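Position 13 of the sequence shown, counted from 1, bears residue number 13 in full-length UniProt numbering, the numbering being contiguous throughout.
For glycine and all other residues, C-beta sits at the position ideal for the given N, C-alpha and C.
These numbers come from a predicted model, not from an experiment.
Let me begin by presenting the structure, written as structure tokens, before commenting on it.
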Amino acid sequence: MQQIEMQRKEPLNENVGILLSGCMERECAADVKPRNSEPHGAFSHTVNMLLRQMHKEGTTVTYRNLILGVRDSLSKRRFKQSPCLEGSEKWADTAFILRD
């Protein structure tokens, strides 16, 4: 499994939640303007796109596979940002909360 780079040097308490961020501290988050839509963040757009795709495919969405999928998608589209997880490793493989 691909390692997720954590920005913090010291481990967090395992009871701390998890945060998805659009880029690392030293990077700049990009915007996109899809056809017939208002501009918004490339990260947010990609998360939304992947959540819809994974839900349609019946894939269990975890924080880890979501963030890795977003990284892969942004990289293939030549965005120079590295989305990451902040929080305890305990939560990385838990299911991302989705509602129909």
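Is the beta carbon of residue j closer than 9 Å to that of residue i?
i	j	result
Val47	Val32	no
Leu50	Ser73	yes
Gln81	Gly22	yes
Ala92	Arg64	yes
May I have the straight-line CA-CA distance separating residue i from residue j, to the nearest angstrom?
i	j	result
Arg26	Arg35	30 Å
Ile97	Glu86	17 Å
Leu20	Pro83	7 Å
Three CB pairs or more closer than 8 Å across the segment 27 to 41 and the segment 55 to 68: no
Pick out the complete alpha helix (DSSP H) segments inside the UniProt domain "Peptidase C14 caspase" (8 to 87), 4 residues or longer, and give them in chain order. Entirely contained in the UniProt domain "Peptidase C14 caspase" (8 to 87), the alpha helix (DSSP H) runs reaching 4 residues are, in chain order, 42 to 57 and 63 to 76.
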